[in-house]
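> Sharing a structure with you now.
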Amino acid sequence: GGYVKDRCAFFQSAAVIIGFWFGRIDSSVKRDNCREAMEILSETFSRNLGGYLCKNMEKCSDFQNEEYIELLSYTVVEALESILKKIV
Numbered sequence: 040g041g042y043v044k045d046r047c048a049f050f051q052s053a054a055v056i057i058g059f060w061f062g063r064i065d066s067s068v069k070r071d072n073c074r075e076a077m078e079i080l081s082e083t084f085s086r087n088l089g090g091y092l093c094k095n096m097e098k099c100s101d102f103q104n105e106e107y108i109e110l111l112s113y114t115v116v117e118a119l120e121s122i123l124k125k126i127v
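Residue numbers 40 to 127, in this note's numbering, belong to the letters of the sequence shown in order.
Below you can see the structure in the form of structure tokens.
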């Protein structure tokens, strides 16, 4: 995992992308888009994988399982596509 409070590295990578898309330079800019994007990401991981914390993900430590790695990758892509369609 990403070892960031036990969050999945795939989840963390998607969160970084969201930060680039909706991050703020000016503190007067609202965080609504970023919050909504993170909700979509969290909901997608929960629906597809049972959550985004490694300890709650059934096969998190099984990086030899290519099907699981594909599911993780697909989940990130699905979430980011949903975000782009809904927010951008």
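Every residue gets a Cβ at the ideal spot worked out from N, C-alpha and C, and that includes glycine.
Given this structure, state the Cα-to-Cα distance separating LYS125 from LEU111, to the nearest angstrom.
21 Å
> Quick check on DSSP: helix, strand or coil for GLU70?
Residue 70 is actually Arg in this sequence, not Glu. In the structure shown, ARG70 sits in coil (DSSP, three-state: anything other than H, G, I, E or B).
> Where do the N-terminal and C-terminal ends of the alpha helix (DSSP H) with VAL127 fall, by residue?
It is not in any alpha helix (DSSP H) - VAL127 carries neither H nor E in the DSSP assignment.
> Here's a check: name, in chain order, each residue in its chain whose Cβ is nearer than 6 Å to the Cβ of GLY58, leaving out the five neighbours to either side.
Close CB contacts of GLY58 within its chain, under the 6 Å cut and outside five residues either way in sequence, are absent.
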